[in-house]
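For reference, the structure is listed below as structure tokens.
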Amino acid sequence: MIARATNCRPRVARPRLRQLNAWRRRRAMTRVWGMKPTHRRRIVSFVSCMVVAFAVAFTSPASAIADTDTPDARQADPAPGERALVGRLVAPCCWQQTLDVHAGPMADALRAEVRRRLWAGEAAEVIEADFTARYGPRVRAVPDGNPIVGVALGLVVLSFFAAGGLFVVVRRWRRAAGTGASAPPSEAARDAYDERLDDELRAMSS
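Under the UniProt record's numbering, think of the first position of the sequence shown as 1, with each following residue one higher.
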């Protein structure tokens, strides 16, 4: 048999064909970009890293500012009116100190509750009334109707009037002292010895 001549290309194995195609693509890209594929990948990686770095740098301050406005961040600071309220409430674990000075797990939990509720917008009077309903009137350091408040107010008023009266007395005393110092000394009363001395002086002169 005579072998027929064919014009077809020799068949190439598939792995070899893939490598050949990859080499052709790399060569084509080298012609387009004017650089080797490895250099191009490095440049692309560097640019990507720079873009990510700028994105993180510009978004981090914004996120930090947003975090400070969250309720969890605000609750780290004392709420308005918190110190006055915890100073009026007694720690129900020992009934000896108020919540602002007492240390203990229960006192810490109650202080955190007061702060959370104040930041949530509840009024201090509402929170105090709720604590009174939960633990009784003993939880208030100064119960309603306690005469101590009236006595303290009366002492303040009396102190004000006493200070005013003392000021008036001191002013009058200083004015009287100034008038006495400026007045001329009065003539001393003459006695019999002065009259006799005057008579002798007149007799000697005559």
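For each residue, glycine too, the CB sits at the ideal point set by N, CA and C.
- The three-state reading of DSSP puts LEU85 in helix, counting H, G and I together.
- A direct Cα-to-Cα measurement between THR98 and PRO92 gives close to 9 Å.
- Distance from the Cα of ARG115 is smallest, within the candidate group VAL86, GLY104, SER159, for VAL86.
- By the Cβ criterion, the stretch 107-122 is not in contact with the stretch 154-170, since fewer than three pairs of Cβ atoms, one from each stretch, lie closer than 8 Å.
- Per DSSP, the beta bridge partners of VAL90 are THR98.
- Just measuring C-alpha positions, the residue of ALA112, ASP130, ILE127 sitting nearest ASP77 is ALA112.
- ALA141 is positioned such that its CB atom lies closer than 8 Å to that of ARG88.
- For GLU200, the enclosing alpha helix (DSSP H) covers residues 192-205.
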